[in-house]
Structure formats: structure tokens, C-alpha cells
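Written as C-alpha cells, this is what we have:
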């Protein structure tokens, strides 16, 4: 068995201090900024000045996950990233062009590699264990999960830190815009983009506070919409789980009107009362946004609550095997500026007028299926189960 | 010379991304490495490139750096004497 013993997340929501989902930040524009955690609480000043946002977010997210898990000894650190430390890559490539290949400084180059996040986490912990980074576009996080799962099941490792991290960078996102990947207005093609980091402590040792279990992960590069249902059936069959056992589905649906058929085909295969949960309207799209979905699903599995802000359809209280109980934890939507200001002042979440931050108890959520795809490729299934 | 020292301080802060440090925080004779500003070997490389790029000074002997980068005062004196741009 593989248990999720800790999780940490830095994102466009206040996920780093537990304010989300009680407090939901309304997206503004189509490139969502992260809510910065108090980095200096986690990273030494001498280190922080050289770190790009992806490294800083990754280090904080990993620290949060390790803190929750009781700071265990790690047998591996495995990171998934789609674009790596792209901001520093842009910095040194720009310097090469502007300075005609002269006057090249080391800092941006050193920090620009895809394995910088995993390396900085290991340096901070003094961890010399297996350290690997997967750069597989929108299945980078899932690839890291596959590696972690195989090592844990084969007893090569007992406790692993695994996560996904991506950062945005001005020029790269400008290119994304030119390529039509980023939404420019209501109803236009493209999605809202962002950045973020989420890390998890996976272990073969169960803890009292474990979130749940990672049952299986599957990655598929190419899949036509009509092949989604058979692929799901095959995935569930190998996990020994029936479709009717799934109590909630977490999908990586974004606000791009294209490529949505995959999700409608998938959710159409479930009973209407099964909660379908989405998150990219709050996290934004990025190559490892599915790690945000994993973070969200782990929380739902442990708490039994489905935040109303992420409920796309279905009724958690009426899901198979559960009685309705619409107890709500009230919250409010705040602007990004307000949230950042609160974060900078280390304020805790405050409840206020309820808009969409309510949470609905989902009785008997035992099995959660996660499905993600990016522009018709890089499909993944993840199955989580309660302890 | 005072203008040059201020310029050097601002360039150091920008090049090394010294958060929460202003030019006024750096005294002319503060040690840049070790106990002073706490710069390290990677910063030294950044400063060598800065001398070359901004002042046209190429350090042929790395041992020279030990004295040149002792403080803003020593940097300013060396730059004033050797700059080509």
C-alpha cells in the first residue's frame, strides 16, 4: 500500500496556509499569478536571492508536505516539470543574444536546468538519496508518480517526496499567446494559464493523519475521445475497481472551448449524482496543474468535504452509499491583491459573506478518479482511495 | 568618485539580486565577501563579468580580484584607474 502522508501546494489560490477552499480567489485576467507564501520563513536569504519562482514555490511546497508528514527520512526526491526553470532559461538566453555571446554570468545558467527544483530541495535537506526529474509535458507529474509508485511497491524505497512544479515566464507566455494557447477573451480559444507547485510525501508506512492511498497511475500519450472509456475500463480493471465504486471524479477541464469532448465522454460514463470536480478555473493551466488536482483530491478524500467552488456537477451528499448532509464551511471570494496582502502579513483565513466558498460534505467518498489531458494529448488516470 | 561608488553599489544590488538591501546600507569600506555583505564565489564571477561589460576591464589574473573586490572603495579606485568605457 502507498499512503499519502503529507501535501503542500503553492498556487493561484491560498493553498499554502489552508485558507483555500474556504477562501477562493476570483481569477482576474487569463494569466493567474500565484499567491506568494512567506518565502523567507522557509528559505535562507542567501539562497532565496538566486531562486526563480518555480524553485521558491517548489521548496515551500515540499517543506509543507514534509512538515505534515513529520519530516521523515527520504529515500527519493522525484520531481515532474513541464517547462522547468524557464524564467532563468529566458534570462541567460536573452543575455547571450543581447551581449553577442559575451559577458555571460553564471547565476541564471546554474538555476535554469529542469532539475534545479529537485536539486535545491535536496540541498536544503542535505538529502543525498535518489533524485530524478521528469520532463514530460503535461504528464510530468504523473511520470514522477509512476516512478515513485514502482519504487515503493518494489520496496526499493519506503518514503518518497514527489511533486510537480512549473513557472511562468514573460517571453514563453508571449509565445504561448502567439500560438493561441492562452485565452484572449470570453469564449475565445485557449485557456487561462498560471504556475504553481505541489509536493507530496508518499510512503509505505501508514500514519494516523494519512490523506489516503495512491492505488494506481496510468499515462497515455495519444487517445481519441472515443478511446477514453475503454482506456478507463482497462485502468480500473487492473486496479480491481469497478466503475460503480468511484465516488468522485476530478477532471483537468480548463476554460478552453477546444478539447472538452474528452471530459464530457468521461463524466458521461458516470451516474449523474457522482460528483464531478474541476479545478483549473481556480489553479489555471500549466503542465503540472494536475498536481494541484491531486492535492485537492487528497484533501477531499481525507476531509470528506467537496468544496462548492470546485463542484462541477453531481451531489456529493447523494453519491452512492452516502446520505445527504449539506453542512457548509462558509468562505468568500477575494481579489488576488487582497489575498497577496494577507499572505504578506501572514494573516489567517477569515470567513465572510459566502459566495462560492462553501463546502459540501460528501459522505462515503472512498475512491476518487483523476483524469487529465492537455490539448488532446498527454492523458492520465490516477486512482486514490481512502485509508 | 562618490557618484561612481553609488553606481557600483546599485549595480551590485541589481546584479546579485540583493533583496532588502539599498545602496545606503552598503558602506564604502564594508567587506563584500565573508562577514560583510556575505557574497560568495558565484557572486565574484558576476562581479568579474560586470567589470568587463560595464567598464571594459578584463581581469587577466584572478588573484587580482581578491584585492579589487575587497570593498566598494577598492572597486571604485580600480575602476577609476583602469576603465576603458
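Residue numbers (this note's numbering), protein chains in the order written: chain A, 379 to 765; chain B, 550 to 634. From the three backbone atoms N, C-alpha and C, an ideal C-beta is built for every residue, glycine too. Nothing here was measured: the structure is a model prediction, and the numbers come from that model.
- For residue 543/A, the closest alpha carbon among the candidates 577/A, 530/A, 567/A, 560/A is that of 577/A.
- Where residue 401/A is concerned, the enclosing beta strand (DSSP E) starts and stops at 401-403.
- When secondary structure is reduced to three states using DSSP, residue 518/A falls in the helix class.
- Distance from the CA of residue 744/A to the CA of residue 590/A, rounded to the nearest whole angstrom, comes to 9 Å.
- Taken in chain order, the whole alpha helix (DSSP H) runs of length 4 or more contained in the stretch 471-538 of chain A are 484-489, 494-503, 518-531.
- Taking all protein chains in view, the Cβ of residue 455/A is crowded by 16 or more other Cβ atoms within 10 Å, so the residue is classified as buried.
- Chain-ordered, the chain A residues with CB closer than 8 Å to the CB of residue 587/B read 424.
- Within chain A, the residues whose beta carbon sits less than 7 Å from that of residue 567/B are 427, listed in sequence order.
- Put simply, the CB of residue 550/A is far from chain B, with every gap to its CB atoms at 8 Å or more.
- Taking CB atoms only, residue 484/A has a neighbour in chain B less than 8 Å away.
- Among the residues facing chain B, residue 481/A is included, as its CB has a counterpart in that chain under 8 Å away.
- In summary, the residues of the stretch 453-477 of chain A whose CB is separated from some CB of chain B by less than 8 Å are 477, in the order they occur in the chain.
- Residue environment for residue 391/A: buried (at least 16 other C-beta atoms within 10 angstroms of its C-beta).
- Residue 601/B has a beta carbon lying within less than 8 Å of a beta carbon in chain A.
- Just so you know, the alpha carbons of residue 757/A and residue 615/A end up roughly 18 Å apart.
- Chain A places a beta carbon closer than 8 Å to that of residue 594/B, counting this residue as a contact.
- With a threshold of 8 Å between beta carbons, residue 621/B makes no contact with chain A.
- Assigned with DSSP and collapsed to three states, residue 626/A falls in strand.
- Under a criterion of Cβ atoms nearer than 8 Å, the residues of chain A adjacent to residue 591/B are, in order, 428, 484, 485, 488.
- Membership of residue 670/A in the alpha helix (DSSP H) is indicated by the continuous run 667-681.
- Residue 522/A is positioned such that its CB atom lies no closer than 8 Å to that of residue 465/A.
- Looking only at 644/A, 534/A, 621/A, the smallest Cα-Cα distance to residue 605/A is reached by 644/A.
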